[in-house]
Each structure stands twice: as structure tokens, then as C-alpha cells.
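K.L.:
Quick one: this structure, given as C-alpha cells, is what I'll be asking you about.
2 protein chains.
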Amino acid sequence: MEETPARLTAKPSWLLTQLAVHAHRLASDGFGEVGARGYHYRILAVLDEFGGASQAALGRRCNMDRSDVVATINELAERGLVERTPDPDDRRRNMVTLTAAGDRQLHRMERVLDKVQDDLLGPLAAEDRQTLTRLLTLLLTHHQRG
Amino acid sequence: MEETPARLTAKPSWLLTQLAVHAHRLASDGFGEVGARGYHYRILAVLDEFGGASQAALGRRCNMDRSDVVATINELAERGLVERTPDPDDRRRNMVTLTAAGDRQLHRMERVLDKVQDDLLGPLAAEDRQTLTRLLTLLLTHHQRG
DNA sequence: GCAGATTCGTTGGCTGCGCCAACAATGTAG
DNA sequence: CTACATTGTTGGCGCAGCCAACGAATCTGC
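Protein sequences, first through last, are from chains A and B.
Per my numbering, the first sequence runs over residues -9 to 136.
Per my numbering, the second sequence runs over residues -9 to 136.
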């Protein structure tokens, strides 16, 4: 079949973004099977790990825009996975908390994601997986500061 | 500041997609400075490397949907970077060819992209860059077949 | 105490990229 | 000739990442 030009396949930025497409598709398909999407997982994971928080704090923790947090919380609240209550100490804030159903959904998504990692790293040996993770982590933390 | 949950930062799929966001932003910003975007580069690169081709063939070579190729060729033709002529041998096809201006634009984008790679891989030593590229290439080719 | 800056939730909108379905025109194989 | 496949095109969708603006509430400097 038709080949992709070498100028593309040689560039790390190309490899990264294209592979990210595959990763995203794997995750997206998996999430779809439990009626969710990526943003849902981020919010639920943060709530489970750090407890209830304001929407702005959630956004900062999972690298999301405030406006996208609003929409996501709307969807999660509709499904009863999350509760939004006004914060009495600071009436600008909404306290967002995880419900029992939300916790169950998080566990479902966690299982989905575990499988995604396996599919994604498919042909890589354990050592290579570790190397890759190390390098990616290094780069990501670097770009998060600058 | 607020931290990102470990469940996220530990997952290769997260690292990959988030780092891809940074890569995409670097490329996007650079392309923006020369009045272009990612799809433009793909098409121009394929034309330069393999010569004129039909829109469908272009799409297969750079992993783009036929409909997106149409829009991209429209934009490129508008700017005079590409020419669209009916193929006399197969009247379904359009022959798309690179113009001199298109070639110059490609070179501009090439320079932009070289800088992007450097910014992207920033803190990595030459050896680590090679390792990363190798692993990513391996995974990408794997996911392109399955 | 008060004026000015900052934070928070919310609305509405935009871009890029990856897709899909449908259609007419053309080509190919049986 | 008939079926099937390919090509260009239109129009539309979803996800993710953004930005600007607004009123309400809070915090800060004076």
C-alpha cells in the first residue's frame, strides 16, 4: 500500500501525536462501553484521590479549562456520579464530591484503562515499557513547568 | 500548586496524550507563524517526497480522511501552494501537484518543525532521544497494522 | 472601611483533528 | 450489461483544548 513519507515518520513530534491518536482511540472506545469519556475519568480520579474539591481546583488538578469542568460536572451530576453543593465557607465555590455510584463507575473505568495500557504497549517488553514511561514522564514534567 | 493524581501520571496513555498536546501546541504555534497548520504540512511533504498524486492517494499516505483532504487541498490551492488538475487517464481523479511557492512553504515549515523537535525533546540526551524514537516507532508501526 | 484586584462558576463560542454517511460520476470485473 | 469499487465532494458529528466576558463573592492594600 501507500507509504507515509520519511520526513514524517522520522519526527518525534509525529510519532508522539500519531501514537497518541491510537492511545486516545483505545481509551475512548473503552470509555464508550461504560458510557463515559476522558474528561469524566479525570474528574472522578481526582475526587477519589484528593477528596471533594471546588471546580476550579479540579480543573487545575487535571489540566482542564474551567468551562470544560462545568460541562463535565454537569454530565457527571446528571448521571448521579457526583454531587455539587454550594460551599458555605466561600460562597463563590461549589463543593464537588464523589457519590457511591461515582466510585463504582471509577472502578469500571480503571479496569478499562488497565486493558488500554496493555493494548497500547502491546509488543514492548517490561523493561522497554519502563524506559518509555521514564522518558515520557521526564519530558512531560519538563514541559509542564516551562 | 495542585498536583495531578498519580493514577493519571502513572499511565503511559496519559503521558502519551498529554505530551502529544505539548507537541501539537509547539507545532501549531510554529505553523501559525507561517500561516499554515498540520494538515498542510502532511500534504506538502507527501507531494514533495512522492510527486503528484490523486487526493485519495494523498489521504492514504498521510493518514487523513478523504473529506479532510478536500478541505486541505482547497486551502492550499487558494494560497497557490498546490495545483489541482483533472487526471485525463481517470476522470474520477484530480492530479494534485506542488507549485514553486508550495515548495518554498514546505521548506519554511520544515525549519519550523526542526526547532519543534529540539524544543520537544529539550532535556533529553542524544542517546535517550534515539531510544525514545525507536520505542515510539516500534509501537506506532505495530498499531498501524493491527 | 473602602476601592481595586482577584477568584469562581457559567455561558457561548472557536479551532484542530479524526471520523462517518451519502451522493453522483467514473472505472473495473464478471 | 450488470454488479461492484473508487473518487471527489458535501455536510455533519465528537472529543479535546482553548479564550473572552459576565456577575457574584472574596481578598488585598491603603
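We put the beta carbon where it would ideally sit given N, CA and C, even for glycine.
Only a predicted model underlies this, so the values are computations on that prediction, with no experimental measurement involved.
State buried or exposed for A/Asn53, treating a residue as buried only when at least 16 other CB atoms are found within 10 Å of its CB.
P.N.:
For the purposes of this step, residue 53 of chain A is identified with residue 63 of the first sequence, where counting begins at 1. Under this definition A/Asn53 is an exposed residue.
K.L.:
Kindly indicate which residue of A/Ser44, A/Ala61, A/Ala0, A/Arg101 has the alpha-carbon position closest to the one of A/Tyr142.
P.N.:
Shown here, chain A extends from -9 to 136; a query on residue 142 of chain A therefore has no answer.
K.L.:
Can you check whether the CB of B/Val24 is closer than 8 Å to the CB of B/Val72?
P.N.:
Taking the first residue of the second sequence as 1, we reach residue 72 of chain B at position 82. Taking the first residue of the second sequence as 1, we reach residue 24 of chain B at position 34. No, they are not a contact pair.
K.L.:
Which residues of chain B have a Cβ atom closer than 9 Å to the Cβ of A/Ala116, listed in chain order?
P.N.:
As a first step, residue 116 of chain A is located in the first sequence; it is residue number 126 there, counting from the start. Those within 9 Å of A/Ala116 in chain B number zero; the least Cβ separation is about 13 Å.
K.L.:
What residues in the segment -8 to 9 of chain A bring their beta carbon closer than 9 Å to a beta carbon of chain B?
P.N.:
So the close ones are Glu(-8), Glu(-7), Thr(-6), Pro(-5), Ala(-4), Arg(-3), Leu(-2), Thr(-1), Ala0, Lys1, Pro2, Ser3, Trp4, Leu5, Leu6, Thr7, Gln8, Leu9.
K.L.:
Please report the distance separating the alpha-carbon of B/Gly41 from that of B/Thr87.
P.N.:
As a working note, residue 41 of chain B is residue 51 in the second sequence. As a working note, residue 87 of chain B is residue 97 in the second sequence. Taking the straight line joining both Cα atoms gives about 7 Å.
K.L.:
Does any residue of chain B bring its CB to less than 8 Å from the CB of A/Asn142?
P.N.:
No answer is possible for residue 142 of chain A: it lies beyond the span of chain A, which begins at -9 and ends at 136.
K.L.:
Mind checking if A/Arg50 is an interface residue toward chain B, Cβ cutoff 8 Å exclusive?
P.N.:
Taking the first sequence and counting its residues from 1, one reaches residue 50 of chain A at position 60. Judged by the 8 Å Cβ criterion, A/Arg50 is in contact with chain B.
K.L.:
Distance check for B/Leu114 and B/Asp108, CA to CA, integer angstroms please.
P.N.:
The residue labelled residue 108 of chain B in the question sits at position 118 within the second sequence. The residue labelled residue 114 of chain B in the question sits at position 124 within the second sequence. Distance between the alpha carbons of B/Asp108 and B/Leu114: 9 Å.
K.L.:
Please classify B/Gly92 as buried or exposed, where buried requires at least 16 other C-beta atoms within 10 Å of its C-beta.
P.N.:
Taking the first residue of the second sequence as 1, we reach residue 92 of chain B at position 102. Flag for B/Gly92 reads buried.
K.L.:
Output, in chain order, the set of chain A residues within a Cβ distance shorter than 8 Å of B/Gln95.
P.N.:
By 1-based counting over the second sequence, the position of residue 95 of chain B is 105. Going along chain A, no residue has its Cβ under 8 Å from B/Gln95, so there is no contact; the nearest lies around 14 Å.
K.L.:
Check A/Asn53 in the structure and name its three-state DSSP category.
P.N.:
Mapped onto the first sequence, residue 53 of chain A falls at position 63. If DSSP states are grouped into helix, strand and coil, A/Asn53 belongs with coil.
K.L.:
Per DSSP, B/Thr75 forms a beta bridge with which residues?
P.N.:
Start at 1 with the first residue of the second sequence, and residue 75 of chain B comes out as number 85. B/Met85, per the DSSP bridge assignment.
K.L.:
By DSSP, does A/Ala43 sit in helix, in strand, or in coil?
P.N.:
As a working note, residue 43 of chain A is residue 53 in the first sequence. A/Ala43: strand per DSSP, three-state reduction.
K.L.:
Less than 8 Å separating the beta-carbons of A/Leu96 and A/Leu(-2)?
P.N.:
Within the first sequence, the letter at position 106 stands for residue 96 of chain A. Within the first sequence, the letter at position 8 stands for residue -2 of chain A. Going by C-beta atoms, A/Leu96 is not nearer than 8 Å to A/Leu(-2).
K.L.:
On the CB-based measure, 16 or more other CB atoms within 10 Å of its CB, does A/Gly49 come out buried or exposed?
P.N.:
What you label residue 49 of chain A is simply residue 59 of the first sequence in a count that begins at 1. So A/Gly49 ends up on the buried side.
K.L.:
Consult DSSP for A/Thr123 and reduce its assignment to one of helix, strand or coil.
P.N.:
On the first sequence, residue 123 of chain A is found 133 positions in, with the first residue counted as 1. If DSSP states are grouped into helix, strand and coil, A/Thr123 belongs with the helices.
K.L.:
How would you write the range of the alpha helix (DSSP H) that A/Lys105 sits in, first residue to last?
P.N.:
Your numbering for residue 105 of chain A matches position 115 in the first sequence. Looking at the DSSP string, the run of the alpha helix (DSSP H) that includes A/Lys105 is 90 to 111.
K.L.:
Would you say B/Ala13 and A/Thr7 are within 8 Å of each other, going by their C-beta atoms?
P.N.:
Numbered from its first residue, the second sequence carries residue 13 of chain B at position 23. Numbered from its first residue, the first sequence carries residue 7 of chain A at position 17. Their beta carbons are under 8 Å apart, which means B/Ala13 touches A/Thr7 by this criterion.
K.L.:
In the DSSP assignment, the alpha helix (DSSP H) including B/Leu114 goes from what residue to what residue?
P.N.:
Indexing the second sequence from 1 puts residue 114 of chain B at position 124. It is not in any alpha helix (DSSP H) - B/Leu114 carries neither H nor E in the DSSP assignment.
K.L.:
Applying a beta-carbon distance threshold of less than 7 Å, which residues of chain A neighbour B/His14?
P.N.:
The residue you call residue 14 of chain B lines up with position 24 of the second sequence. What B/His14 touches in chain A: Thr7.
K.L.:
Short check: CB of B/Leu130 to CB of A/Leu130, under 8 Å?
P.N.:
In the second sequence, counting from the first residue as 1, residue 130 of chain B sits at position 140. In the first sequence, counting from the first residue as 1, residue 130 of chain A sits at position 140. Contact flag unset, no.
K.L.:
Assuming contact is defined by CB atoms lying nearer than 8 Å, are A/Leu37 and A/Ala46 in contact in what I supplied?
P.N.:
Indexing the first sequence from 1 puts residue 37 of chain A at position 47. Indexing the first sequence from 1 puts residue 46 of chain A at position 56. No.
K.L.:
Just confirm the distance between the C-beta atoms of B/Met99 and B/Ala26, as a whole number of angstroms; I'd bet it's less than 8 Å.
P.N.:
For the purposes of this step, residue 99 of chain B is identified with residue 109 of the second sequence, where counting begins at 1. For the purposes of this step, residue 26 of chain B is identified with residue 36 of the second sequence, where counting begins at 1. With 8 Å as the limit, B/Met99 and B/Ala26 qualify as a contact, their Cβ atoms being about 6 Å apart.
K.L.:
Out of B/Arg15, B/Pro2, B/Ala(-4), state which residue places its alpha-carbon closest to the alpha-carbon of B/Leu125.
P.N.:
Numbered from its first residue, the second sequence carries residue 125 of chain B at position 135. It is B/Pro2.
K.L.:
Rank A/Gly20, A/Arg69, A/Ala0, A/Asn64 by C-alpha distance to the C-alpha of A/Lys105 and give the top, closest one.
P.N.:
Taking the first residue of the first sequence as 1, we reach residue 105 of chain A at position 115. For A/Lys105, the nearest C-alpha among the options comes from A/Gly20.
K.L.:
In chain A, which residues lie with their C-beta within 7 Å of the C-beta of B/Ala17?
P.N.:
Counted from its first residue, the second sequence places residue 17 of chain B at position 27. Within 7 Å Cβ-Cβ: Ser3.
K.L.:
Would you verify that the beta carbon of A/Gly25 is, or is not, closer than 8 Å to some beta carbon of chain B?
P.N.:
Counting from 1 along the first sequence, the entry for residue 25 of chain A is found at position 35. Chain B, which has no Cβ nearer than 8 Å to the Cβ of A/Gly25, makes this no.
K.L.:
Quick one: Cα of A/Asp152 to Cα of A/Arg69, how far?
P.N.:
In the structure as shown, chain A starts at -9 and stops at 136, and residue 152 of chain A therefore has no counterpart that could be examined.
K.L.:
How many Å lie between A/Gly22 and A/Arg51 at the Cα?
P.N.:
In the first sequence, residue 22 of chain A corresponds to position 32, counting from 1. In the first sequence, residue 51 of chain A corresponds to position 61, counting from 1. So the alpha carbons of these two residues sit roughly 23 Å apart.
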